[in-house]
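Take a look at the structure set out below.
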(Lines of atoms letter the chains of each structure in order from A and count residues from 1; the text may use other names and numbers.)
(Lines give C-alpha, C1' and ligand atoms only; values in the text may rest on other atoms or scores of the structure.)
Protein backbone atom coordinates (compact mmCIF):
# COMPACT_ATOMS: atom_id res chain seq x y z
CA UNK A 1 0.00 0.00 0.00
CA UNK A 2 1.40 3.41 -0.99
CA UNK A 3 1.65 6.45 1.21
CA UNK A 4 -1.35 8.78 1.35
CA UNK A 5 -1.20 12.04 -0.54
CA UNK A 6 -2.95 15.25 0.44
CA UNK A 7 -5.45 14.79 -2.38
CA UNK A 8 -6.45 11.46 -0.77
CA UNK A 9 -8.28 13.26 2.02
CA UNK A 10 -11.76 11.82 2.13
CA UNK A 11 -14.12 14.43 0.82
CA UNK A 12 -17.79 13.64 1.05
CA UNK A 13 -20.21 15.33 -1.30
CA UNK A 14 -21.27 17.71 1.46
CA UNK A 15 -17.81 19.20 2.08
CA UNK A 16 -16.61 21.77 -0.42
CA UNK A 17 -13.01 22.40 -1.40
CA UNK A 18 -13.43 25.89 0.08
CA UNK A 19 -14.34 24.46 3.50
CA UNK A 20 -11.38 22.05 3.43
CA UNK A 21 -9.06 24.86 2.31
CA UNK A 22 -10.05 27.25 5.12
CA UNK A 23 -10.15 24.44 7.71
CA UNK A 24 -6.55 23.60 6.74
CA UNK A 25 -5.52 27.16 7.53
CA UNK A 26 -7.32 27.10 10.90
CA UNK A 27 -5.92 23.80 12.11
CA UNK A 28 -2.39 24.87 11.10
CA UNK A 29 -2.71 28.24 12.84
CA UNK A 30 -3.89 26.73 16.10
CA UNK A 31 -1.28 23.96 15.96
CA UNK A 32 1.47 26.59 15.72
CA UNK A 33 -0.01 28.67 18.54
CA UNK A 34 -1.40 31.42 16.35
CA UNK A 35 -4.97 32.38 17.16
CA UNK A 36 -7.83 32.29 14.70
CA UNK A 37 -10.01 35.40 14.85
CA UNK A 38 -12.72 34.08 12.52
CA UNK A 39 -13.19 31.83 9.52
CA UNK A 40 -15.68 31.66 6.68
CA UNK A 41 -15.82 29.75 3.44
CA UNK A 42 -13.89 32.66 1.91
CA UNK A 43 -11.20 33.44 4.47
CA UNK A 44 -9.41 32.45 7.66
CA UNK A 45 -8.41 35.48 9.68
CA UNK A 46 -5.48 34.89 12.08
CA UNK A 47 -3.92 37.03 14.80
CA UNK A 48 -1.60 39.78 13.48
CA UNK A 49 2.11 39.11 13.10
CA UNK A 50 3.17 41.88 15.45
CA UNK A 51 1.87 39.99 18.47
CA UNK A 52 4.30 37.13 17.87
CA UNK A 53 7.33 39.20 16.97
CA UNK A 54 6.77 41.35 20.07
CA UNK A 55 6.56 38.20 22.19
CA UNK A 56 10.11 37.34 21.08
CA UNK A 57 9.31 34.32 18.92
CA UNK A 58 12.26 33.16 16.87
CA UNK A 59 12.05 34.32 13.25
CA UNK A 60 12.71 30.82 11.88
CA UNK A 61 9.90 29.28 13.93
CA UNK A 62 7.55 32.05 12.90
CA UNK A 63 8.56 31.56 9.25
CA UNK A 64 7.68 27.86 9.40
CA UNK A 65 4.39 28.54 11.16
CA UNK A 66 3.32 31.19 8.65
CA UNK A 67 4.36 29.07 5.67
CA UNK A 68 2.47 26.00 6.85
CA UNK A 69 -0.61 28.13 7.57
CA UNK A 70 -0.41 29.74 4.10
CA UNK A 71 0.08 26.45 2.27
CA UNK A 72 -2.16 24.17 4.36
CA UNK A 73 -5.32 25.36 2.63
CA UNK A 74 -4.14 24.35 -0.81
CA UNK A 75 -2.56 21.16 0.56
CA UNK A 76 -5.93 20.21 2.11
CA UNK A 77 -7.83 21.01 -1.10
CA UNK A 78 -5.38 20.73 -4.02
CA UNK A 79 -7.88 22.00 -6.62
CA UNK A 80 -8.07 25.38 -4.88
CA UNK A 81 -5.74 28.30 -5.47
CA UNK A 82 -3.86 30.45 -3.00
CA UNK A 83 -5.64 33.71 -2.22
CA UNK A 84 -3.81 37.02 -2.20
CA UNK A 85 -3.63 36.90 1.60
CA UNK A 86 -2.22 33.32 1.45
CA UNK A 87 0.45 34.51 -0.98
CA UNK A 88 1.28 37.50 1.21
CA UNK A 89 1.62 35.32 4.30
CA UNK A 90 3.88 32.94 2.36
CA UNK A 91 5.97 35.88 1.13
CA UNK A 92 6.46 37.01 4.74
CA UNK A 93 7.43 33.46 5.71
CA UNK A 94 9.93 33.24 2.86
CA UNK A 95 11.40 36.60 3.86
CA UNK A 96 11.82 35.48 7.47
CA UNK A 97 13.27 32.14 6.36
CA UNK A 98 15.57 33.70 3.75
CA UNK A 99 18.06 34.75 6.41
CA UNK A 100 19.30 31.15 6.25
CA UNK A 101 18.30 29.83 2.80
CA UNK A 102 17.37 31.10 -0.66
CA UNK A 103 13.63 31.81 -1.12
CA UNK A 104 13.04 29.03 -3.71
CA UNK A 105 14.62 26.38 -1.52
CA UNK A 106 12.77 27.57 1.56
CA UNK A 107 9.45 27.60 -0.32
CA UNK A 108 9.96 23.98 -1.47
CA UNK A 109 10.77 22.97 2.11
CA UNK A 110 7.69 24.81 3.38
CA UNK A 111 5.46 23.02 0.87
CA UNK A 112 6.72 19.62 2.04
CA UNK A 113 6.04 20.63 5.65
CA UNK A 114 2.51 21.81 4.80
CA UNK A 115 1.65 18.62 2.91
CA UNK A 116 2.92 16.48 5.79
CA UNK A 117 1.00 18.65 8.25
CA UNK A 118 -2.26 18.11 6.36
CA UNK A 119 -1.71 14.36 6.26
CA UNK A 120 -1.00 14.26 9.98
CA UNK A 121 -4.05 16.40 10.85
CA UNK A 122 -6.52 15.38 8.16
CA UNK A 123 -9.19 14.16 10.61
CA UNK A 124 -9.28 17.52 12.43
CA UNK A 125 -9.32 19.38 9.11
CA UNK A 126 -12.21 17.26 7.83
CA UNK A 127 -14.18 17.63 11.08
CA UNK A 128 -13.78 21.40 11.08
CA UNK A 129 -14.60 21.58 7.35
CA UNK A 130 -17.89 19.71 7.95
CA UNK A 131 -18.98 22.21 10.60
CA UNK A 132 -17.78 25.18 8.53
CA UNK A 133 -19.73 23.89 5.53
CA UNK A 134 -22.90 23.76 7.65
CA UNK A 135 -22.51 27.10 9.45
CA UNK A 136 -20.66 29.02 6.68
CA UNK A 137 -18.79 31.14 9.27
CA UNK A 138 -17.25 30.52 12.71
CA UNK A 139 -15.62 32.66 15.36
CA UNK A 140 -12.15 31.80 16.61
CA UNK A 141 -13.68 30.62 19.88
CA UNK A 142 -15.94 28.21 18.01
CA UNK A 143 -12.99 26.88 16.00
CA UNK A 144 -11.08 26.18 19.23
CA UNK A 145 -14.13 24.43 20.69
CA UNK A 146 -14.38 22.21 17.62
CA UNK A 147 -10.73 21.21 17.24
CA UNK A 148 -9.02 22.39 20.40
CA UNK A 149 -6.03 24.76 20.68
CA UNK A 150 -2.63 23.25 19.93
CA UNK A 151 -4.08 19.94 18.84
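Residue numbers (this note's numbering): 339 to 489.
Ideal placement from N, C-alpha and C gives every residue a C-beta, glycine not left out.
Cα separation between residue i and residue j?
i           : j           : result
residue 429 : residue 473 : 31 Å
residue 356 : residue 442 : 27 Å
residue 410 : residue 426 : 14 Å
residue 407 : residue 470 : 17 Å
residue 403 : residue 447 : 12 Å
residue 450 : residue 401 : 14 Å
residue 458 : residue 482 : 18 Å
residue 384 : residue 431 : 14 Å
residue 398 : residue 386 : 17 Å
residue 445 : residue 382 : 21 Å
Nearest by alpha-carbon distance to residue i: which of the options is it?
i           : options               : result
residue 414 : 482, 455, 382 and 444 : 455
residue 417 : 484, 358 and 352      : 358
residue 484 : 400, 368, 403 and 356 : 368
Helix, strand or coil for residue i? Go by DSSP, reduced to three states.
i           : result
residue 377 : strand
residue 384 : strand
residue 354 : coil
residue 423 : helix
Three or more C-beta pairs closer than 8 Å, one from the stretch 364-384 and one from the stretch 467-478: is that the case here? yes
State whether the stretch 420-432 contacts the stretch 368-375, with contact taken as three or more CB pairs (one from each stretch) at a distance under 8 Å. no
Go through the stretch 427-478 residue by residue and report every complete run of the alpha helix (DSSP H) that reaches 4 residues or more, in order. 441-458 and 460-473
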